[in-house]
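Number of protein chains: 4
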Amino acid sequence: MPYEFKTVRQVEFYETDMAGIVHYANFFRYMETAEHAFFRSLGFSIAARQAAPAVGWPRVHAECDYVQPLRFEDEVEIHLLVAQKKSKSLSYLFRFRKLNATPPVEVALGKLIVVCVTHDRHGKMSAAPIPKAIAERIQVAPADLLP
Amino acid sequence: MPYEFKTVRQVEFYETDMAGIVHYANFFRYMETAEHAFFRSLGFSIAARQAAPAVGWPRVHAECDYVQPLRFEDEVEIHLLVAQKKSKSLSYLFRFRKLNATPPVEVALGKLIVVCVTHDRHGKMSAAPIPKAIAERIQVAPADLLP
Amino acid sequence: MPYEFKTVRQVEFYETDMAGIVHYANFFRYMETAEHAFFRSLGFSIAARQAAPAVGWPRVHAECDYVQPLRFEDEVEIHLLVAQKKSKSLSYLFRFRKLNATPPVEVALGKLIVVCVTHDRHGKMSAAPIPKAIAERIQVAPADLLP
Amino acid sequence: MPYEFKTVRQVEFYETDMAGIVHYANFFRYMETAEHAFFRSLGFSIAARQAAPAVGWPRVHAECDYVQPLRFEDEVEIHLLVAQKKSKSLSYLFRFRKLNATPPVEVALGKLIVVCVTHDRHGKMSAAPIPKAIAERIQVAPADLLP
Chain D
1 MPYEFKTVRQ
11 VEFYETDMAG
21 IVHYANFFRY
31 METAEHAFFR
41 SLGFSIAARQ
51 AAPAVGWPRV
61 HAECDYVQPL
71 RFEDEVEIHL
81 LVAQKKSKSL
91 SYLFRFRKLN
101 ATPPVEVALG
111 KLIVVCVTHD
121 RHGKMSAAPI
131 PKAIAERIQV
141 APADLLP
Chain W
148 MPYEFKTVRQ
158 VEFYETDMAG
168 IVHYANFFRY
178 METAEHAFFR
188 SLGFSIAARQ
198 AAPAVGWPRV
208 HAECDYVQPL
218 RFEDEVEIHL
228 LVAQKKSKSL
238 SYLFRFRKLN
248 ATPPVEVALG
258 KLIVVCVTHD
268 RHGKMSAAPI
278 PKAIAERIQV
288 APADLLP
Chain Y
295 MPYEFKTVRQ
305 VEFYETDMAG
315 IVHYANFFRY
325 METAEHAFFR
335 SLGFSIAARQ
345 AAPAVGWPRV
355 HAECDYVQPL
365 RFEDEVEIHL
375 LVAQKKSKSL
385 SYLFRFRKLN
395 ATPPVEVALG
405 KLIVVCVTHD
415 RHGKMSAAPI
425 PKAIAERIQV
435 APADLLP
Chain L
442 MPYEFKTVRQ
452 VEFYETDMAG
462 IVHYANFFRY
472 METAEHAFFR
482 SLGFSIAARQ
492 AAPAVGWPRV
502 HAECDYVQPL
512 RFEDEVEIHL
522 LVAQKKSKSL
532 SYLFRFRKLN
542 ATPPVEVALG
552 KLIVVCVTHD
562 RHGKMSAAPI
572 PKAIAERIQV
582 APADLLP
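So the sequence lines, in the order shown, correspond to chains D, W, Y and L.
The first sequence begins at 1 in my numbering and counts up by one.
The second sequence begins at 148 in my numbering and counts up by one.
The third sequence begins at 295 in my numbering and counts up by one.
The fourth sequence begins at 442 in my numbering and counts up by one.
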């Protein structure tokens with residue numbers, strides 16, 4: 001459905017730190033991975049420079065609540081949910097679940113707010129309406145799916 | 148003063164992404180850098196395994212608001228402020244200022260909540276009171292410094 | 295076969311830099327990913343702390359030749375080949391192929407030399423013979439597969 | 442002197458991995474840091490887009506020999522030496538020394554070969570002579586400084 005996307009990845013050694021767990025900043029990389037795969041699932045690329053006009057999606061807000069650590073070789077499901085859709089921005093939630101636990105357990109909860117921007121020919125960004133082709137394909141998740 | 152710390156770093160090439168700006172996840176690395184340098188400024192190390200008992204500082208919450216992008220070779224000041232001190236946790240704010248702008252401009256605002264933990268001999272973490280020697284050295288910043 | 299392993303990954307946005315291509319240091323992360331998946335394919339984990347004695351695999355040499363850049367969303371195959379097996383070390387080659395090219399094209403060639411080590415109870419590492427169970431499972435690739 | 446450059450950095454927590462040491466791929470980031478600071482010491486920026494024509498410096502080869510691990514809060518000196526200067530490429534050596542050891546100890550030895558390129562208006566790279574202003578400023582290190 002165009003309001004959610006799930007992807008699974010296995011924790012890499014280089015994503016851990018000396019505490020033996022996934023470094024907290026990497027959860028934001030995981031969110032991005034899910035966001036971009038969500039876009040691909042809709043038939044778009046987050047970096048579609050060939051679009052006219054090309055749009056970008058800088059973040060204006062990012063956050064994460066950490067409940068349990070992730071470790072090397074853990075399998076983590078990142079479940080993206082569209083929480084809000086405005087004319088120029090999108091808000092996503094991300095539920096991180098460790099799948100190699102019995103039962104699987106939610107280990108973190110993330111949030112991103114991204115703004116649709118265009119660049120003028122000097123590279124200056126300004127907020128712009130989400131292109132219609134994209135906006136039409138994205139829905140807000142049903143309230144009961146949102147935490 | 149034991150309620151704040153400032154550090155300056157220059158944006159590295161490898162911290163940028165194909166959008167030509169510092170990747171948003173790296174702001175969380177910058178926060179950590181300031182947090183650890185703050186600890187060193189107090190005479191501690193965040194990874195003081197020699198302490199008895201050794202404590203760790205996992206994050207339970209992290210967030211960042213992004214106002215302006217940072218680019219390669221920008222000089223960024225990270226200003227840590229202690230926003231809250233509880234028996235088992237600390238809350239920090241981080242003001243990111245781009246110094247090579249006239250005048251310097253605030254480009255992002257971050258927040259971390261960290262919990263003091265000890266590990267039992269099986270490696271299991273549990274929240275613990277902040278060791279007295281550390282707690283005594285840390286103050287909460289005056290309200291007028293907090294955004 | 296226990297002398298090679300192939301894995302495919304898609305280039306992430308956060309792996310690119312402001313030149314619009316995968317940052318060169320990330321090829322070493324890709325090598326590690328293939329190395330660890332190779333170990334799992336043999337029934338081991340690179341971080342098997344439960345082994346007696348536990349062994350680690352620090353790198354003593356790493357190198358990479360770069361032929362063509364990789365970009366966001368490229369599909370890259372990492373083909374690990376065991377180039378040499380000594381009593382205490384392994385040497386791997388890595389052929390990087392961009393699959394979303396017609397025909398697929400080799401974009402880089404990597405090499406890692408890793409040493410089997412044990413840690414004494416103070417954490418000090420020393421080289422050690424590769425455990426028999428592991429050494430028996432690993433073969434050197436036929437010469438005609440090695441570049 | 443325009444054939445060498447030294448920079449010192451302190452190992453960050455996020456640069457370590459679960460083995461408790463600096464992840465091996467990060468040494469290539471450290472090399473880059475020294476390379477770019479070397480350029481700045483000559484009055485250039487590695488990313489000088491304002492040059493006419495703008496040049497880039499992709500790597501064609503990178504390697505590192507690891508002798509001893511680096512750990513959190515270690516102070517590491519990265520000593521860049523120009524090993525070779527050709528019309529279209531430069532070769533650098535990097536000596537990594539851990540300063541907080543008595544006496545300081547060499548922990549790694551790196552090498553980079555970078556090629557000077559220009560981009561045509563479609564973004565395609567091709568090797569190009571090093572701009573005279575840059576080439577004139579860079580010398581090859583005396584043989585007795587090279588390992």
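Beta carbons: idealized from backbone N, C-alpha and C, even for Gly.
To the nearest angstrom, how far is it from the Cα of D/Thr33 to the Cα of Y/Glu306?
7 Å
If you compare alpha carbons, which of W/Glu162, W/Asp221, W/Pro289 is closest to W/Leu240?
W/Pro289
Quick check: the Cα distance between D/Tyr3 and W/Lys245, rounded to an integer number of angstroms?
37 Å
Output yes if chain D places a C-beta closer than 8 Å to the C-beta of L/Thr457; else output no.
yes
Can you give the beta carbon distance from L/Val581 to L/Ala542, rounded, assuming they're within the 8 Å contact cut?
Not quite, the Cβ-Cβ distance comes to about 30 Å (not below 8 Å), so this is no contact.
The segment 16-32 of chain D: which residues have C-beta closer than 7 Å to a C-beta of chain L, in chain order?
Thr16, Asp17, Met18, Gly20, His23, Ala25
Once the 5 residues before and after W/Asp212 are set aside, which same chain residues still bring their CB inside 7 Å of it?
Ala255, Leu256
Quick one: what's W/Asp212 bridged to in DSSP?
D/His61, W/Leu256
Do the segment 115-135 of chain D and the segment 264-273 of chain W make contact, defined as three or more Cβ pairs closer than 8 Å?
no
Assuming contact is defined by CB atoms lying nearer than 8 Å, are Y/Ile315 and Y/Leu364 in contact in what I supplied?
yes
What's the C-alpha gap between D/Ala37 and L/Asp585?
53 Å
Under 8 Å between C-beta atoms of D/Leu112 and D/Met31
yes
Beta-carbon of D/His119 versus every beta-carbon of chain Y: anything under 8 Å?
no
Compile a chain-ordered list of the residues in the segment 507-524 of chain L whose CB is closer than 9 Å to at least one CB of chain Y.
Tyr507, Val508, Pro510
Neighbouring residues, chain Y, relative to L/Arg500 (Cβ below 7 Å):
Tyr318, Tyr360
I want to verify the contact list: residues of chain L whose CB lies under 7 Å from the CB of Y/Ala356, in sequence order.
Tyr465, Glu504, Cys505
Can you give the Cα-Cα distance for Y/Cys294 and Y/Gly350, rounded to whole angstroms?
As displayed, chain Y neither begins before 295 nor continues past 441, which places residue 294 of chain Y out of reach and without an answer.
Can you list, in chain order, the residues of its chain with a C-beta nearer than 6 Å to that of W/Ser234? Leave out the 5 residues immediately preceding and following it.
Pro276
My understanding is that D/Tyr14 touches L/His464, with C-beta atoms under 8 Å, so please give their C-beta distance in whole angstroms.
5 Å
What separation, rounded to the nearest whole angstrom, lies between the Cα atoms of L/Arg500 and Y/Ala313?
12 Å
Looking at D/Leu80 and D/Glu136, is the spacing between their C-beta atoms short of 8 Å?
no
How about D/Phe96 and D/Val114: do their beta carbons lie closer than 8 Å?
no
For Y/Gln362, which residues from the same chain have a beta carbon less than 6 Å from its beta carbon, with the 5 sequence-adjacent residues on both sides left out?
Val401
Between the beta-carbon of Y/Glu357 and the beta-carbon of L/Glu504, is there less than 8 Å?
yes
Please state whether DSSP places W/Met272 in a helix, a strand or coil.
strand
Can you tell me which of the three DSSP states L/Leu522 falls into?
strand
Any beta-carbon of chain W closer than 8 Å to the one on D/Ala148?
Because chain D here runs from 1 to 147, residue 148 of chain D falls outside it and cannot be looked at.
Taking L/His477 as the query, report the chain W residues whose CB atoms sit under 7 Å from its CB, ordered along the chain.
Phe160
Residues of chain L with CB closer than 9 Å to the CB of W/Ile193, please, in chain order.
Phe454, Phe513, Glu514
Span separating the alpha-carbon of W/Phe152 from that of W/Lys232
16 Å
Report all residues from its chain with a CB closer than 7 Å to the CB of L/Phe485; omit the five preceding and five following residues, and keep chain order.
Ile575
Whose CA, out of D/Val8, D/Thr16, D/Ala47, lies closest to the CA of D/Thr118?
D/Ala47
Work out the CA separation of Y/Phe321 and Y/Pro503 for me, nearest whole Å.
The structure shown does not extend to residue 503 of chain Y, since chain Y is modelled only from 295 to 441, so the question has no answer here.
D/Phe94, DSSP secondary structure in three states:
strand
Output the distance between the C-alpha atoms of L/Val449 and L/Ile519, rounded to the nearest integer angstrom.
6 Å
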